[in-house]
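Step one of this worksheet: look at the structure below.
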Amino acid sequence: MLSLSVTVFAAEEPTLYVAGVAVTSDNLEINSADNGAITGSATYDPVTNTLTLDNFSYTGEGYKYNDHSLAAIISQNDLIVNLVGNNTLNCTDGYGIFAAGCSLTIQGNDKDTDTLTANSFSNDILASDITISNATITADDMTAFAAAINAHVDF
Numbered sequence: 007m008l009s010l011s012v013t014v015f016a017a018e019e020p021t022l023y024v025a026g027v028a029v030t031s032d033n034l035e036i037n038s039a040d041n042g043a044i045t046g047s048a049t050y051d052p053v054t055n056t057l058t059l060d061n062f063s064y065t066g067e068g069y070k071y072n073d074h075s076l077a078a079i080i081s082q083n084d085l086i087v088n089l090v091g092n093n094t095l096n097c098t099d100g101y102g103i104f105a106a107g108c109s110l111t112i113q114g115n116d117k118d119t120d121t122l123t124a125n126s127f128s129n130d131i132l133a134s135d136i137t138i139s140n141a142t143i144t145a146d147d148m149t150a151f152a153a154a155i156n157a158h159v160d161f
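In the numbering used here, the protein residues as written are 7 to 161.
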C-alpha cells in the first residue's frame with residue numbers, strides 16, 4: 007500500500023498595514039508603486055519588528071481593519087517606528103498609527119531632523135504603551151491605554 011503525506015501551509019496573515027498596503031514577507035518596502043498617495047518609503051524588518059519611515063508622506067483613508075478603525079499604519083504586534091527625515095501621516099478618516107494592545111516605540115537619530123507629524127480624524131497615535139526617543143512628534147492627540155497607562159518620552 008502506498009501512502010502519501012501532504013503538508014498544507016496556511017496563507018500568511020498580515021499583521022502590519024501601511025497606507026492601506028499589507029506588509030508581508032514578499033512586500034517589505036512600501037512606496038508610491040504600492041499606493042500613489044505615498045512619497046518616500048516605508049521599509050519593514052520582521053526580525054526586529056522595525057518599520058523605517060524615510061521621508062514618508064501619506065494622505066488618505068488608510069486601511070480598514072475589522073470593518074472599522076481606519077488608520078495610516080495598523081500594527082497587531084509591538085512595533086518600533088524608526089524615523090529618517092521628515093515624515094507625515096494624514097489619515098482622513100481614522101488614526102495615524104493604531105497599535106491597540108501593543109507597545110509602540112517611535113525613535114530617530116536626531117530630534118531636530120527626524121520628525122513625524124500625524125494629523126488624523128481620530129487619535130493621531132494610539133497604542134497601549136508609547137515610547138518616544140530622539141525624535142520630534144507633532145500630534146494633537148496621542149493616547150496610551152492599558153490597565154496601567156504608560157507613556158514615556160526620552161529627551
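Cβ atoms here follow ideal geometry from the backbone N, Cα and C, with glycine treated the same way. As the structure is a computational prediction, the values presented were derived from the model and not from experiment.
Beta bridge counterpart(s) of residue i as assigned by DSSP
i, result
"Thr142", "Thr121"
"Ala28", "Tyr23"
"Val53", "BP columns for Val53 are empty, so no partner."
"Gly66", "Cys97"
Contacts around residue i, its chain only, beta-carbon distance under 6 angstroms, and the 5 residues preceding and following it disregarded
i, result
"Thr2", "Past the boundaries of the shown model lies residue 2; the chain is included only from 7 to 161, so the question cannot be answered."
"Ile80", "Tyr23, Tyr69, Tyr71, Phe104"
"Asp118", "none"
Whole-angstrom distance between residue j and residue i, CA atom to CA atom
i, j, result
"Gly107", "Ala39", "31 angstroms"
"Thr30", "Leu22", "8 angstroms"
"Gly91", "Glu19", "31 angstroms"
"Asn37", "Phe62", "8 angstroms"
"Ala78", "Ile136", "17 angstroms"
Closest residue to residue i among the options (Cα-Cα distance)
i, options, result
"Phe127", "Asp84, Ala133, Thr98", "Thr98"
"Leu110", "Lys117, Gly26, Gly102", "Gly102"
"Ser139", "Ile131, Thr121, Ala145, Asn125", "Thr121"
"Asn41", "Val53, Asn55, Glu67, Leu89", "Glu67"
"Asp84", "Ala77, Ala78, Thr56", "Thr56"
"Thr58", "Asn37, Asn88, Asn33", "Asn88"
8 angstroms Cβ shell around residue i - same chain, five flanking residues per side excluded
i, result
"Glu35", "Ser47, Ala48, Thr49, Tyr50"
Proximal residues to residue i (C-beta, below 7 angstroms), its chain only, five neighbours per side dropped
i, result
"Ile143", "Ile112, Leu122"
"Ala28", "Pro20"
Minimum Cβ-Cβ distance from residue i to chain C less than 8 angstroms
i, result
"Ser134", "This model lacks chain C altogether; it includes just one protein chain."
Cβ-heavy atom distance, residue i to the ligand FAD, below 7 angstroms
i, result
"Thr123", "The model depicted lacks the ligand FAD and carries no ligand whatsoever."
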